[in-house]
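Colleague:
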Amino acid sequence: MSERLNVYAVDPKATRAVLAMENYVRSSGLDPALYELVKIRASQLNSCAFCLDMHHRDARAQGEDQRRLDVLSAWHEAPDLFTPAERAALALTEAVTRIGEAGVPDAVWTEVRAHFDETATVHLLMAIATINVWNRLAVATHQRLPDLPVAH
């Protein structure tokens, strides 16, 4: 697959707009480890190879446990590996990422609100929205993976 378009090269302001969202989330106080889990889960749902590659590397560099990364796509089946707050955030990530299917069910919202106050819920929603914007740009344009040394 060849890259269809380099958004940054065509219009750097477009990328800077999404970076402003990214910077907002990073400075919001949302736990960086949770943000990486949200980014990875949304990227799995959106089949975004570019973001999966980046955020798996970022999570490992921040000390995330490889086992948790390995089973993240099946987090429902591994409740002991994720805290109740992480599970609530992952459920919201799935609901918001797939919002056209069923909206955000009341049960998901209630669980999120049990673990996150209003401000933290806004930060979580902005984190989910931001990674979904990045995913859509990368998938639509066939954004190339960065060149990395190939292991043999």
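FYI, the numbering for the sequence shown is 12 to 163, going by this note's numbering.
A virtual CB, placed ideally from N, CA and C, is assigned to each residue, including glycine.
1) Hey, is the segment 13-22 in contact with the segment 138-156, meaning 3+ C-beta pairs nearer than 8 Å?
2) Inspect the beta-carbon positions of L30 and H134 and report whether they are closer than 8 Å.
3) Would DSSP call N34 helix, strand or coil?
4) Can you give the beta carbon distance from L48 to L103, rounded, assuming they're within the 8 Å contact cut?
5) Within its chain, find whatever has a CB closer than 6 Å to the CB of S39; leave out the 5 residues flanking it on each side and keep chain order.
6) Within 10 angstroms of the Cβ of E129, are there 16 or more other Cβ atoms? Answer buried if so, exposed if not.
7) Please report the distance separating the alpha-carbon of A25 from that of E33.
8) Is the CB-CB distance between E75 and A125 below 8 Å?
9) In this structure, how does DSSP classify L136 when only helix, strand and coil are distinguished?
10) For V21, is the classification buried or exposed, using 16 other Cβ atoms within 10 angstroms of its Cβ as the cut-off for buried?
11) Please determine if the segment 135-143 and the segment 50-70 are in contact, where contact requires at least 3 C-beta pairs separated by less than 8 Å.
12) Does the ligand NAP have a heavy atom nearer than 7 Å to the CB of D158?
Modeller: Taking the geometry as given:
1) yes
2) Stepping through the sequence shown from its first residue, residue 30 is reached at position 19. Stepping through the sequence shown from its first residue, residue 134 is reached at position 123. No, Cβ-Cβ distance for L30 and H134 is not below 8 Å.
3) Reading the sequence shown from its first residue, position 23 is the one you call residue 34. Three-state result, N34: helix.
4) Counting from one through the sequence shown, the residue named residue 48 turns up at place 37. Counting from one through the sequence shown, the residue named residue 103 turns up at place 92. Rounded, the Cβ-Cβ distance is 12 Å, inconsistent with contact.
5) In the sequence shown, the residue the question calls residue 39 occupies position 28. Answer for S39: H134, listed in chain order.
6) If you number the sequence shown from 1, residue 129 lands on position 118. With fewer than 16 Cβ atoms within 10 Å of its Cβ, E129 is classed as exposed.
7) Along the sequence shown, one-based indexing puts residue 25 at 14. Along the sequence shown, one-based indexing puts residue 33 at 22. The alpha-carbon atoms of A25 and E33 are separated by roughly 13 Å.
8) Residue 75 sits at position 64 when you count from the first residue of the sequence shown. Residue 125 sits at position 114 when you count from the first residue of the sequence shown. No, the pair does not count as a contact, with Cβ atoms beyond the cut-off.
9) Here the question's residue 136 lines up with position 125 in the sequence shown. Helix.
10) Along the sequence shown, one-based indexing puts residue 21 at 10. That one is exposed.
11) yes
12) Of the ligands one can find in the structure shown there are none, so the ligand NAP has no counterpart to examine.
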